[in-house]
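Undergrad: Provided herewith is a single structure, encoded as structure tokens, for subsequent inquiry.
2 protein chains.
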Amino acid sequence: MDEAEERIATANTLTPPEAVFAPVRSQTAFEETVDRLGTAIKLGLLAPGSQLPAERELCGRLGIARSTLRQALTALTQSGHVFATRGRGGGTFVSDPQPPADPPSAEMLAQWRETCDQRLAIELGVAVLAAERAERGDLDALDDVARTLEAAIEDFTAYRQADIRLHVGLAEATRSDRLVRDMTEAQGAMTDLIGYIAHPPTVLASSNAQHRQLLAAVRERDAMRAVRVMSEHVQATEHILAGLLPGG
Amino acid sequence: MDEAEERIATANTLTPPEAVFAPVRSQTAFEETVDRLGTAIKLGLLAPGSQLPAERELCGRLGIARSTLRQALTALTQSGHVFATRGRGGGTFVSDPQPPADPPSAEMLAQWRETCDQRLAIELGVAVLAAERAERGDLDALDDVARTLEAAIEDFTAYRQADIRLHVGLAEATRSDRLVRDMTEAQGAMTDLIGYIAHPPTVLASSNAQHRQLLAAVRERDAMRAVRVMSEHVQATEHILAGLLPGG
DNA sequence: GATCGAAGGCCGGAAGACCAAACCTTTTCT
DNA sequence: AGAAAAGGTTTGGTCTTCCGGCCTTCGATC
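These protein sequence lines are chains A and B, in that order. Take 9 as the starting number for the first sequence in this note's numbering and just add one per residue. Take 9 as the starting number for the second sequence in this note's numbering and just add one per residue.
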């Protein structure tokens, strides 16, 4: 016992991780709401033309006051992501021609590697849990998305859209809301990073082959194979970024 | 092209993930600070008796006002986690006999499975990236921790402490601050969950065998083996919880 | 055609969180 | 004795958020 305590004591003498004292990011409810809805729109999870829940209902679901929600909606209206119509039968809708994405910010670029690391973690977790929990219907739907993906190899915008649906759909198949949220955030960050770089069809084709293998592994409940494929899939993107971004 | 667009349109007709409209948790700076420091102390990352940075420096590092930091420190003082001495050479220190952990809250228990899912993801990501990036020195230090772990098999408190150091240490070896932060949060949540359940030495012994295999795999840069071992390691805990908590 | 109801669009006050910048008190080191 | 370094205190102001009521629009229904 003395021996154990001594080892613990020496182990604890190590300096604490500096992450403990890193800045706290206290996002306001307003910012977080703009982010949530804006990301969902950018990713196409809220389709162009689709209607958002009524303000009086949505603020309840988001757990914020209606005035705060309206601030967020005003911001999204001004940035051209949504528009509102009044009167009965009116509502807030996702704009049809989405505004062009804005270029990645400096701090976004500075943290791109950590963003990829975090994404890798989420994707691997999703791969394992989807292999355990995905049901037949989930996989059939994902196969549809994969087919869409293969048909869109020449149109990067359409491709990216379907790609997101596939990854988020896999997260949904884990039945874990938290992983869906994390996946959404991660894909939003990735979109910011890769939106401006070229993706030749050959790259997309190889990506599609991985999607196929991934879904096959999940269908066979082969978690480890799913992880291997997913790891290669994600790190392929990372290698592309490494060649184009600073610090690569 | 028409074909592709049509498929995308049908794919987007699906209902958006309800996670999009889930409540926003806008934690205040005060809450987040209490959480960060409190978790670091509970996990032993800030050792009993060790000194925190001076208030005037710490508030700068955390990016908050001193008065806000003091609110957090006051809360931690009242809960018995830290104490302060005045005058030159004084400071804020981690209390030596730590207050007993409080039992897991209801919502904590309600979300235990999602908590485990998220932890699994982070641990898998850490396993892969540590296998790629860990350096010799990191691994030697982790071997030390593993030895501590094996000597502490009869004392769950000491065991848990070293266990945390091992997992967080592995995260540090990825050189990704964000993963360190996520790992810390995940381990904090796990501590809340498992603090109150019995862990017979046989379970800890089997856990230790997995730690050994994990470190060996990382040392050999065998990412896939590291993932497999880590997955089994994490899911073993999950199975224990499943037998004891509601909804298992 | 009048009315109802559901939706977005306002406004004003109250409460609280956060910040900034002082100043005070205690203790130790020089 | 005094300077320095730490925690402790006070004050005032800004910004965010909430609550709740009210207004305006306009399709649906009677």
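Glycine residues also receive a C-beta, built at the ideal position from the N, C-alpha and C atoms.
Have a look at A:Gln126, A:His219 and A:Ile205 and flag the residue whose alpha-carbon is nearest the alpha-carbon of Ile172 of chain A.
TA: Cα-wise, what sits closest to Ile172 of chain A is A:His219.
Undergrad: Pick helix, strand or coil for Ala138 of chain A, following the three-state DSSP scheme.
TA: Of the three classes helix, strand and coil, the one that applies to Ala138 of chain A here is helix, per DSSP.
Undergrad: Alpha carbons only, please: which of A:Phe164, A:Gly251, A:Ala138 and A:Asp185 is nearest the one belonging to Glu228 of chain A?
TA: Considering only alpha carbons, the answer is A:Ala138.
Undergrad: DSSP state of Ala92 of chain A, grouped into three classes?
TA: Here Ala92 of chain A sits in strand by DSSP.
Undergrad: Which complete alpha helix (DSSP H) runs does the segment 35–91 of chain B hold, if anything under 4 residues is left out?
TA: Listed in chain order, they are 37–50, 63–70 and 74–86.
Undergrad: Does DSSP put Val102 of chain A in a helix, a strand or coil?
TA: Val102 of chain A falls in the strand class under three-state DSSP.
Undergrad: With 7 angstroms set as the bound, which would you pick, yes or no: does the beta-carbon of Arg148 of chain A sit closer than that to a beta-carbon of chain B?
TA: According to the sequence provided, residue 148 of chain A is Asp. The question's Arg does not apply to it. No, no contact with chain B.
Undergrad: Apart from the five residues on each side of it in sequence, which residues of its chain come closer than 8 angstroms, Cβ to Cβ, to Ile205 of chain A?
TA: The residues are Ile248, Leu249 and Leu252.
Undergrad: Beta carbon of Met232 of chain B, beta carbon of Arg236 of chain A: below 7 angstroms?
TA: Yes, these two residues count as a Cβ contact at 7 angstroms.
Undergrad: Secondary structure at Ala206 of chain A, three-state DSSP: helix, strand or coil?
TA: Here Ala206 of chain A sits in coil by DSSP.
Undergrad: Less than 7 angstroms separating the beta-carbons of Glu180 of chain B and Val32 of chain A?
TA: No, Cβ-Cβ distance for Glu180 of chain B and Val32 of chain A is not below 7 angstroms.
Undergrad: Spell out a yes or no on whether the segment 90–100 of chain B and the segment 188–197 of chain B are touching, meaning 3 or more CB-CB pairs, one atom from each, closer than 8 angstroms.
TA: Result no; under three Cβ-Cβ pairs closer than 8 angstroms.
Undergrad: Would you say Ala234 of chain A reaches chain B, if we count a Cβ-Cβ gap shorter than 7 angstroms as a contact?
TA: Closer than 7 angstroms: no.
Undergrad: Check the C-beta distance from Pro140 of chain B over to Thr47 of chain B and give it rounded, since I have them as a contact under 8 angstroms.
TA: Position check: residue 140 of chain B holds Glu in this sequence, whereas Pro was assumed. Contact flag wrong, Cβ pair sits at about 27 angstroms.
Undergrad: Just the Cα atoms here: how many angstroms apart are Val90 of chain A and Lys50 of chain A?
TA: Cα to Cα, the separation comes out at about 11 angstroms.
Undergrad: If we define contact as Cβ-Cβ less than 7 angstroms, is Glu122 of chain B a contact residue for chain A?
TA: Yes, Glu122 of chain B counts as interfacial toward chain A.
Undergrad: Given a limit of 8 angstroms on CB to CB distance, which residues of the segment 61–77 of chain A reach chain B?
TA: So the close ones are Pro61, Leu66, Arg69, Leu70, Gly71 and Ile72.
Undergrad: Look at the Cβ atom of Ala170 of chain B, then the Cβ atom of Thr156 of chain B, and state whether they are nearer than 7 angstroms.
TA: Yes, Cβ-Cβ distance for Ala170 of chain B and Thr156 of chain B is below 7 angstroms.
Undergrad: Name, please, each residue of chain B whose Cβ falls closer than 8 angstroms to the Cβ of Ile130 of chain A.
TA: Result: Ala129 and Gly133.
Undergrad: So does the segment 64–77 of chain B actually touch the segment 208–224 of chain B, counting three or more Cβ pairs closer than 8 angstroms?
TA: The segment 64–77 of chain B, when compared against the segment 208–224 of chain B, does not touch it at the 8 angstroms Cβ threshold.
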